[in-house]
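*Asks:* Residue numbers (our numbering): 1 to 345.
(1) Taking just the CA atoms, how far does residue 169 sit from residue 214?
(2) Looking at the unbroken alpha helix (DSSP H) that takes in residue 55, where does it start and where does it end?
(3) State the DSSP-derived secondary structure class of residue 269, mapped to helix, strand or coil.
(4) Report back the beta-carbon spacing between residue 301 and residue 284 to the nearest angstrom; my notes put them in contact at under 8 Å.
(5) If you run the structure through DSSP and keep just helix, strand and coil, what is residue 166?
(6) Do residue 112 and residue 128 count as a contact pair if the criterion is CB distance below 7 Å?
(7) Taking only runs of the alpha helix (DSSP H) that begin and end inside the region 1-36, which ones reach a length of at least 4 residues, in chain order?
(8) Pick helix, strand or coil for residue 113, following the three-state DSSP scheme.
(9) If you reduce the DSSP assignment to three classes, tell me which class residue 209 lands in.
(10) Taking the straight line between their C-alpha atoms, what separation do you get for residue 32 and residue 17?
(11) Specify whether the region 288-300 and the region 243-256 touch according to this definition: at least 3 beta carbon pairs, one from each stretch, less than 8 Å apart.
(12) Quick one: is residue 147 buried, meaning 16 or more other Cβ sit within 10 Å of its Cβ, or exposed?
(13) Only counting the same chain, and skipping five residues up and downstream in sequence, which positions put a Cβ closer than 7 Å to that of residue 132?
(14) Compute the distance between the beta-carbons of residue 192 and residue 163, then report whether it is under 7 Å.
(15) Counting only the same chain and skipping the five closest in sequence on each side, list residues whose C-beta sits under 6 Å from that of residue 199.
(16) Give me the Cα-Cα distance between residue 244 and residue 82, rounded to the nearest whole angstrom.
(17) State yes or no: is the beta carbon of residue 79 nearer than 7 Å to at least one beta carbon in chain D?
(18) Candidates 51, 11 and 88: which alpha carbon is nearest residue 212's?
(19) Would you mind stating whether residue 14 and residue 42 have Cβ atoms separated by less than 7 Å?
(20) Among the residues of its own chain, which have a CB less than 6 Å from the CB of residue 116, if the five just before and after it don't count?
(21) In this structure, what does DSSP give as the bridge partners for residue 214?
(22) To the nearest angstrom, how far is the alpha carbon of residue 104 from that of residue 289?
(23) Based on Cα-Cα distance, which residue from 227, 237, 331 and 137 lies nearest to residue 259?
(24) Could you give the first and the last residue of the continuous alpha helix (DSSP H) run that contains residue 134?
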């Protein structure tokens with residue numbers, strides 16, 4: 001299992017925690033936490049079979065348990081005093097980037113508690129998706145639909161701000177999720193992410209929450225942003241009441257859609273430059289006019305022909321890594337109609 005952030009194949013075991021589950025539960029038992037050798041990200045290492053079972057656990061156990069409890073604890077999509085306190089902190093952080101016409105999508109919204117909070121403040125263009133049918137069926141507002149972050153049921157560039165509040169730590173495929181979020185955000189769009197802050201874990205509780213597959217720190221969220229065509233523009237650390245005497249050490253970040261970055265020339269020079277420069281930290285759009293290369297992929301990324309540059313925005317960047325052909329490619333890019341900035345390595 002590669003690192004969910006940087007895709008490095010090498011990691012060491014950080015901790016192994018013996019744990020149990022109810023009889024016939026889909027929730028996996030023992031917790032194997034790994035630390036990436038490249039970026040230092042902490043993640044639970046699971047087999048594909050265990051990940052599939054975890055999805056069944058969410059529908060058949062997780063949501064049912066949460067919906068059956070009527071107490072004053074901070075639970076997904078609820079509206080009790082503790083949850084409202086967290087919503088208030090969240091709103092205070094994102095409000096400078098909102099107006100009453102903002103198109104807002106809450107991913108993993110459960111019953112839609114935060115969306116209802118926004119509606120009561122006068123926001124109307126609010127939408128929510130959740131992958132758990134039990135939550136959607138018990139939603140407290142009508143704009144909550146069944147949907148996955150891995151395939152968001154919305155058009156390209158249709159949202160101004162995406163909310164992932166206490167969601168990202170549950171995801172196994174971070175890169176696919178961030179690609180989808182980037183797709184639905186309009187130019188200049190904002191993504192809010194709130195996660196438990198692994199730098200402030202003061203109790204084993206956060207490691208034995210087996211639904212949490214990722215354990216984020218500020219530096220790993222920043223790296224995820226860079227690799228996903230976002231830039232981290234603000235962050236905040238807060239604390240809120242969660243369950244009993246337990247406090248939630250919340251790490252909040254705001255990501256802004258970054259300009260497109262194209263890389264032309266996927267050959268020898270590129271293969272050297274990628275691991276030895278900041279190219280490895282960027283979510284690149286790869287370009288090469290060699291037909292055979294367009295049948296290949298690099299780190300899961302497709303290689304496009306240069307026609308893709310015709311539709312590039314004026315705010316985009318083109319990095320030419322085929323050094324021996326840089327003048328020819330620079331001229332060809334302008335002839336194609338590329339309007340962005342061209343950068344030589």
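Ideal Cβ placement from N, Cα and C applies to all residues, glycine included.
All figures in this text were calculated on a predicted structure; none of them were measured in a lab.
*Replies:* Walking through what the data contain:
(1) 5 Å
(2) 48-57
(3) helix
(4) 7 Å
(5) Three-state result, residue 166: coil.
(6) yes
(7) none
(8) Residue 113: helix per DSSP, three-state reduction.
(9) In the displayed model, residue 209 falls within coil according to three-state DSSP, outside both helix and strand.
(10) 7 Å
(11) no
(12) By the 16-neighbour rule on beta-carbons within 10 angstroms, residue 147 is buried.
(13) 58, 59 and 63
(14) yes
(15) 217
(16) 11 Å
(17) Among the chains in the structure shown there is no chain D, since it carries only a single protein chain.
(18) 51
(19) yes
(20) Hits under 6 Å: 140 and 141.
(21) Per DSSP, 43.
(22) 39 Å
(23) Between residue 259 and the set 227, 237, 331 and 137, the nearest pair of CA atoms involves 227.
(24) 133-137
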